[in-house]
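Below: one structure, written as structure tokens.
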């Protein structure tokens with residue numbers, strides 16, 4: 012019974028992505044892995060300052076995010 016359930020399990024999407032990125036890296040493609048560990052990009056000073064200035068705001072945000080931020084990103 013359990014064996015049948017295990018046989019029907021689908022592969023992990025995360026593991027499939029990892030395998031695909033390995034394949035692409037072998038082909039010499041540059042892959043940015045945003046889901047694991049530290050970002051390869053430096054955090055801009057303006058972002059660091061805003062994080063410091065707003066660290067006291069510790070409540071959950073709306074599910075779709077802050078409208079002001081979404082609008083600013085859309086314009087960028």
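Residue numbers (my numbering): 12 to 87. Glycine included, every Cβ here is placed at the ideal spot set by N, Cα and C.
Thinking C-beta only, is residue 42 closer than 8 Å to residue 35? yes
What do you reckon, are the CB atoms on residue 32 and residue 44 nearer than 8 Å? yes
Would you check whether the ligand NAD has a heavy atom nearer than 7 Å to the C-beta of residue 81? The ligand content of the structure shown is nil, which means the ligand NAD is not present either.
Which full runs of the alpha helix (DSSP H) of 4+ residues lie inside the segment 35–66, going along the chain? 56–64
I'd like the list of long-range same chain contacts for residue 55, defined as Cβ closer than 6 Å, with 5 residues on each side in sequence excluded. Leaving aside the five residues that flank residue 55 on each side, none in its chain has a CB nearer than 6 Å to its CB.
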